[in-house]
Structures are given as structure tokens and as C-alpha cells.
Amino acid sequence: MRLASLLLLTIQVGLAASEYRVGVAWVDITPPIGHEMGGYAARKHGSTGLHDPLYATVLVVESGENSIALVTCDLRSFVSMRVGEIARQKYGIKTTLIDVSHTHSGPLTWELRSPWYQQAEDKMVEAIGHAKGAEFAGTLELSAGKIYLGHNRRKIIAGH
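See below:
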């Protein structure tokens, strides 16, 4: 909840004008079969198959001189200054935020700077470009609610 509030506050502060342009895109970032898996300390081999592809989904929001690209991925972690730097150079995006679900059912990421990692960065930048190219007039609205993420699933909570 705090992250969502902080994110909306960042958008509101960074994009103060009343007219917004928004664009959405997604790209497949699935690593190849055999890629080392994250969250499996005792596992000594890479992935053996594919259940579902992994996607990076991008939302670009622009208003006047301000712009932000929000990139979401179902990965354990993903740290990249490169994506933001290239998005700034190629598309004029001032701020890029990469958010991950922190799944333990996906590929090893930050611990392993593999060729796939750079390919995933390149694909994220590509998706930012597609989102920017598909922009349309939009509005931003704020709402509040409760989400139950990041809690101990074994803990018994009354009413849940």
C-alpha cells in the first residue's frame, strides 16, 4: 500500500500539468530453457521447461516536460540503470521505474548478469518505445484500498 501511495504521489508531483498522455505496451522477456532459476538454493540445474511466458508490461505517462515509464515484471528482482538511461536518450523519458513481483518461481536475475539479462533490458526499452508511440489522451485518478501483500502466509489473520 505504501508503494502504491508513493508511486501515485510521485506521478502527481512529477506530472503537475492537467493534460496527460499515456501509452501501454508489453513484451515477452522469457529466458531460454536451461536458464538458472531464482529462489532455488539447493537446485543445481537450470529450468527444464516453460509453464507460462514472462512479460514486462510498460505504462508511459507524460505531461508537458515531465514523463515516467513504469515497467512491471514477474521476476524475483531486476536492477538496471541501463533501461532508464537508454529510455531517456532514445525517447526522452525522464524517469523509469522497474517494479517486480519478487516471485521465487522465476529466473535468477541480479545474481547472474547473463546474456538474457541484457536482452531483457533491451526488450524493456523496446516496450517503452512502443508505449510512447501508442500514447493517447488520459487522466490519472487516485483511490485507496487495502492489499494483502508481503505478509507471512502462515500467520493466521482473523477474517482472512
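In our numbering, the protein residues as written are 2 to 161.
Idealized CB from N, CA, C, for every residue including glycine.
For residue i, report the span of its alpha helix (DSSP H) as first-last.
i, result
"A88", "82 to 92"
Report yes if the C-beta distance between residue i and residue j is below 7 Å; otherwise report no.
i, j, result
"Y56", "D100", "no"
"S68", "K45", "no"
"T97", "V84", "yes"
Where DSSP assigns a beta bridge to residue i, which residues make up the other side?
i, result
"V126", "V126 pairs with nothing; no bridge assigned."
Using the C-alpha atoms, what's the distance from residue j back to residue i?
i, j, result
"A145", "E122", "32 Å"
"G47", "D75", "18 Å"
"E140", "T49", "Per the sequence shown, residue 140 should be read as Thr rather than Glu. Going from the Cα of T140 to the Cα of T49 covers about 44 Å."
"Y149", "T58", "22 Å"
"A26", "H131", "6 Å"
Decide if residue i is buried, meaning its Cβ has at least 16 other Cβ atoms within 10 Å, or exposed.
i, result
"K147", "exposed"
"L109", "buried"
"A79", "Contrary to the premise, residue 79 reads as Phe rather than Ala in this sequence. Buried, since its Cβ has 16 or more Cβ neighbours within 10 Å."
"E142", "exposed"
List the endpoints of the continuous beta strand (DSSP E) containing residue i.
i, result
"T104", "That residue, T104, is in no beta strand (DSSP E); it is neither H nor E in DSSP."
"T58", "56 to 64"
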